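The structure under discussion appears below in the form of structure tokens.
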Amino acid sequence: MQKPLASRSSRQTYRIDLQHQVLDLMERAVARISSGAIQVRLADDEVILDGHVNTWHEKQYAQESIRSLTSGRVIRNSLVVSR
């Protein structure tokens, strides 16, 4: 009989580094604005926003929604306004 890969009683821990946690928070913040149309990337000392939004307001809102999470990184807002 095979053992299950995981069970409720298993005490596995998963290590997620701080950079991935911050990236996850940023992705969740921009997902509220445009579901799946905005990608967030971290590169050196920059946070890069790519993708498409419907209005200039959404573009600015995406930028400001992650500002408190950037830890001093520069935000490069490369979002394209589609309309």
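Counting in full-length UniProt numbering, the sequence shown runs from 1 upward without gaps.
Cβ coordinates follow ideal geometry from the N, Cα and C atoms, glycine included.
As the structure is a computational prediction, the values presented were derived from the model and not from experiment.
With fewer than 16 other beta carbons inside 10 angstroms of its own, residue 74 counts as exposed.
Residue range 18-31 is occupied by the alpha helix (DSSP H) that includes residue 23. Put simply, the backbone Cα of residue 77 is about 25 Å away from that of residue 17.
Counting along the chain, residue 78 sits inside the beta strand (DSSP E) bounded by residues 74-81. The straight-line gap separating the alpha-carbon atoms of residue 67 and residue 40 is approximately 12 Å. Around the C-beta of residue 46, fewer than 16 other C-beta atoms lie within 10 Å, and the residue is accordingly described as exposed. Per DSSP, reduced to three states, the secondary structure at residue 43 is strand. The straight-line gap separating the alpha-carbon atoms of residue 36 and residue 28 is approximately 10 Å.
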